[in-house]
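To start, the structure itself, in structure tokens.
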Amino acid sequence: MNFLQLRYFLKVAELGSISAAAAAIWVSQPAVSRQIRLLEEALGTRLFEREARGVRLTEAGSSVHGRAQQLLRELESIRADIGRTVKSPKGRVVLGIPPSLRRLITVPMLTRVAQTYPDVVVSVIEGTTQRMHEAVGAGHSDISVVSSLDANQAFSERPIVSEQLFLVGSSQARLRSRSEVSVRDLASLPLILTSWPNSLRRIVEGAARRTKRPFAPRFEAEQVPLLLDLVQAGLGYTVLPSCAVQEQLQARQLTASPIRACWIDWVLVRSRERVPTAASQAIMTLLEATFVSAAGSGTWRTARLLPPA
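Residues in the sequence shown are numbered consecutively from 852, following my numbering.
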């Protein structure tokens, strides 16, 4: 039994004729007759008495008639509710995102959420891309932004932006933003890097291995703010995406040079095992739009949009 059969049944009952019902709903008479027969077989009883001038409901048919009307009204109510939910989503969405993207992505995106979806509450958790990856896998976040190194086939993935990594030093280091350095240059510098297995660390070490110039960091830190404080104190250099240091570069607290052929790809991920809510889908769409807007604004100079997977 299905809703199509119930609709045909109600139309035949209303018009008292299978042929009239078929004409009214623009369906062939044999198709209507077949659906009525299947409905009768599913219920194990005849619903209509066939007469010379049409059909009339049996006692069982009369009983089914009222319930069928109620079921279809409920279906229309469900459809209306879903339509309202899609247009005006409500609920809580957990977003996992690295702190390096806070100013370029997180704050602008949440500003748009406040303006567009007043009934959606976004809970933001910040951490390394590996932790954001784990949060999605454990069901602690609905959407996470991770490095492509932390993507997983168990996730639904949307590659979004690739950006160049920078060698970052103190203001006294006088690194130039328009002059690239090579990965080989890093081996001779005192480096302050993110802890293993952070994706930035893996990208840099992988690039160093390819040049056959491995290096050992002078200090390690898990969080970006500590990395930057150590660099500002003149204790060494670090490697970060430009989005993580834009404010400090503009204030001339730090200097930076792009590293040749050294990039990080940002990917939006969510679990394939969880059906996205209207609210999480709305946030996913806004998140994508915020990345696209930031990459095209000119302020995120080395960002390049990636094609969908």
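From the three backbone atoms N, C-alpha and C, an ideal C-beta is built for every residue, glycine too.
According to DSSP, which residues form a beta bridge with R907?
E900
Quick one: residues in its chain with C-beta nearer than 6 Å to the C-beta of V1075, no 5 flanking neighbours on either side, listed in chain order?
P950, S951 and A1095
Would you say the segment 965-972 touches the segment 1008-1018, given that touching needs at least three Cβ pairs under 8 Å?
no
Apart from the five residues just before and just after D1030, which ones in its own chain have a Cβ nearer than 7 Å to its Cβ?
First, the residue type needs correcting, since residue 1030 is Ser and not Asp in the sequence shown. Around S1030: S1108.
Return the CA-CA distance between L898 and L861, expressed in angstroms with no decimal places.
When only Cα atoms are considered, L898 and L861 end up about 11 Å apart.
Does DSSP put I859 in a helix, in a strand, or in coil?
One detail in the question is off: residue 859 reads as Tyr in this sequence, not Ile. Here Y859 sits in helix by DSSP.
At the level of alpha carbons, what is the spacing between L866 and R901?
13 Å
By how many angstroms is the C-alpha of T1136 removed from the C-alpha of T962?
14 Å
With burial defined as no fewer than 16 other Cβ atoms inside 10 Å of the residue's Cβ, what is the status of E1098: buried or exposed?
exposed
Just list the residues that DSSP pairs W1161 with in beta bridges.
For residue 1161 there is no data in the structure shown, the boundaries of the chain being 852 and 1160.
With distances taken Cα to Cα, identify the nearest neighbour of K941 among I1110, T909 and I1134.
I1134
V964: which of S1013, R907 and Q1132 sits nearest, CA to CA?
Q1132
Output the boundary residues of the beta strand (DSSP E) element that contains F1070.
Start and end: F1070 to A1072.
Terminal residues of the continuous beta strand (DSSP E) containing V883?
Careful: V883 lies outside any beta strand (DSSP E), inside the alpha helix (DSSP H) at Q880 to L894.
Okay, do the segment 1112-1125 and the segment 1071-1088 touch, 3+ Cβ pairs below 8 Å being the bar?
Too few Cβ pairs lie closer than 8 Å, so no.
Let me know if G947 comes out buried or exposed under the rule of 16 or more other beta-carbons within 10 Å of its beta-carbon.
buried
For V863 versus V906, is the C-beta spacing smaller than 8 Å?
yes
Pull up the DSSP beta-bridge partners for Y968, would you.
Answer is none; Y968 lacks a bridge partner.
What's the C-alpha gap between S1021 and Q1104?
7 Å
Please check the pair V1034 and T1062, which I expect to be a contact at CB under 8 Å, by giving their CB distance rounded to whole angstroms.
Contact flag correct, Cβ pair sits at about 5 Å.
Taking the C-alpha atoms as reference points, what is the distance between R943 and A1005?
The straight-line gap from Cα to Cα measures roughly 23 Å.
With DSSP as the reference, label S1021 as helix, strand or coil.
strand
Whose CA, out of E1056, S999 and A1130, lies closest to the CA of S1064?
In the sequence as displayed, the identity of residue 1064 is Arg instead of Ser. When each option's Cα is compared against that of R1064, the closest is E1056.
T1106 and A1072 - do their beta-carbons sit closer together than 8 Å?
Taking 8 Å as the cut-off, the beta carbon of A1072 is found no closer than this to the beta carbon of T1106.
Do L955 and A1112 have their C-beta atoms within less than 8 Å of each other?
no
Anyone know if the C-beta pair for A1038 and F1017 falls short of 8 Å?
Against a cut-off of 8 Å, the Cβ pair of F1017 and A1038 comes out as no contact.
Here's the rule: buried if 16 or more other CB atoms are within 10 angstroms of the residue's CB, otherwise exposed. What is A903?
exposed
Hey, would you say S995 sits closer than 8 Å to H984, going by beta carbons?
yes
What three-state label does DSSP hand T1106 in the structure shown?
strand
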